[in-house]
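Residue numbers for the sequence shown follow the UniProt record's numbering, beginning at 1 and rising by one.
Glycine residues also receive a C-beta, built at the ideal position from the N, C-alpha and C atoms.
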Amino acid sequence: MASLKICIYALLVGTTLAQQRERGNFRVGAGHPPSQRHLPQRTRDPVQEAAEEPKRKQVQEYEPSDECPEPNGFYPDNKQCDKYYACLDGVPTERLCADGMVFNDYSPSEEKCDLPYNIDCSKRSKLQTPQPSQHCPRKNGYFGHEKPGICDKFYFCVDGQFNMITCPVGLVFNPKTGICTWPDEVGVTGCKSEDIFEFSCPKVNESIAVTHPRYADPDDCQFFYVCVNGDLPRRNGCKLGQVFDEENKTCDWARKVPDCADWYKDRLTDAELDELENPKPKSTTTKRPARVRGASRRKPQPKVVKEEEPEEE
């Protein structure tokens with residue numbers, strides 16, 4: 001029996017040592033380097049080698065072209081901003097962005113079309129033929145209102161379907177950036193501050209001009225004008241319930257400004273004005289509702305009856 005155990009132990013030790021030798025981790029002793037015995041390299045499948053060889057040769061012999069500077073990736077057309085090429089193993093496939101979009105060439109690994117406001121198309125300004133629909137000169141993008149003088153409204157078009165959007169008060173649509181901005185930044189005929197607001201900044205000396213002076217809107221107590229550098233008017237507004245105090249050049253509650261005390265008379269009640277001026281403090285701690293407990297699902301514990309001890313006589 002003892003001989004059998006010794007044989008089994010020797011067999012296990014021999015197997016383990018053989019595995020260590022195959023991995024190159026066998027050590028003869030402490031401090032000795034791994035075994036230098038070289039194992040034969042695995043031979044690759046000849047069928048697989050034959051299939052990969054043309055691709056490997058094609059990459060090694062690849063010559064860049066205008067369409068495909070690299071064998072794989074997405075690259076812009078040199079003349080047309082909404083045209084690009086999908087290159088696979090050096091073979092280009094011509095593709096077009098949706099009408100109104102242009103190719104984003106920031107990363108060759110990404111196939112992405114974007115709005116023209118985000119991409120520089122100055123060197124490849126050509127575009128595909130427009131596909132217009134109602135209010136949409138192209139199928140996708142942001143477009144100004146057709147009627148001259150309507151500057152604060154524009155259309156957001158997606159696949160030829162439009163949605164009209166109105167800019168916040170005092171701003172107009174900028175067709176160069178696709179966003180709402182100050183009228184003096186747009187430079188569109190009929191959309192200047194003087195055209196829209198019918199307001200011109202009073203002439204002031206340089207010392208006042210640098211303070212960007214404020215002036216009350218002559219027709220609306222809630223609004224006022226800021227004259228940037230003394231000559232560029234920008235319309236701003238006070239929050240609901242307040243009016244512009246021309247004397248102090250700030251917004252204040254209507255009841256405190258005599259000339260505009262009744263401005264909200266037909267719009268808000270006295271109670272609503274008071275609530276705006278004196279809002280109720282929000283509770284910082286919320287009381288959790290009392291938990292309603294249902295019938296217990298636990299089994300009732302058996303009642304223990306304590307036996308009375310007999311009195312000693």
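| Check | Outcome |
| --- | --- |
| Rounded Cβ spacing between E67 and C97 (contact assumed at less than 8 Å) | Contact flag wrong, Cβ pair sits at about 16 Å. |
| Residue environment, S65, which counts as buried when at least 16 other CB atoms sit within 10 Å | exposed |
| Nearest candidate by alpha-carbon position, reference D82, set S125, V102 and P69 | V102 |
| CA-to-CA distance, F224 to C121, given in whole angstroms | 39 Å |
| Per-residue burial, P183 [other beta carbons within 10 Å of its own, 16 or more giving buried] | buried |
| Where the beta strand (DSSP E) containing D245 begins and where it ends | Q242 to D245 |
| Cutoff 6 Å; reference R27; Cβ partners in own chain excluding five residues on either side | Residue confidence is low: R27 scores 44 on pLDDT, short of 50, so the model does not pin down where it sits. No coordinate-derived value is stated. |
| Test item: CB-CB of K153 and G100 under 9 Å | no |
| For G190 and P148, believed in contact at Cβ under 8 Å, the rounded distance | 5 Å |
| Span separating the alpha-carbon of V186 from that of P116 | 17 Å |
| Nearest residue (CA-CA) to N78, options K126, T181 and E110 | K126 |
| Residues of its chain near Q131, where Cβ-Cβ distance is below 6 Å and the 5 sequence neighbours each way are ignored | D99 and K139 |
| Inter-residue Cα distance where the pair is T181 and T211 | 22 Å |
| Within 9 Å, strictly: CB atoms of A178 and R235 | Note on residue identity: the sequence assigns Gly, not Ala, to residue 178. No, they are not a contact pair. |
| Segment contact, 8 Å Cβ cut-off, at least three pairs: the segment 244 to 262 with the segment 214 to 223 | yes |
| Buried/exposed call for N229, threshold 16 Cβ in 10 Å | exposed |
| Range covered by the beta strand (DSSP E) that runs through L96 | V91 to L96 |
| Span of the beta strand (DSSP E) around residue 316 | A question about residue 316 goes unanswered here, because the residues of the chain that appear run from 1 up to 313. |
| Selection from G237, V204 and S109 that minimises the alpha carbon distance to Q76 | The sequence given here has Pro at residue 76, not Gln. With distances taken between Cα atoms, P76 lies closest to S109. |
| Three-state secondary structure (DSSP) of residue 341 | Beyond the ends of the chain as shown, which are 1 and 313, falls residue 341; an answer cannot be given. |
| Continuous beta strand (DSSP E) assignments of at least 3 residues falling wholly in the segment 132 to 182 | 141 to 144, 153 to 158, 161 to 166, 172 to 174 and 179 to 181 |
| Alpha-carbon to alpha-carbon, T129 and D274 | 59 Å |
| Any C-beta of chain B under 9 Å from that of E110 | Note that chain B does not occur in the displayed structure, where there is just one protein chain. |
| Neighbour-count burial assignment, G24, 16 or more Cβ in a 10 Å radius | Its pLDDT being 45, under 50, G24 is placed unreliably by the model, and nothing is read from it. |
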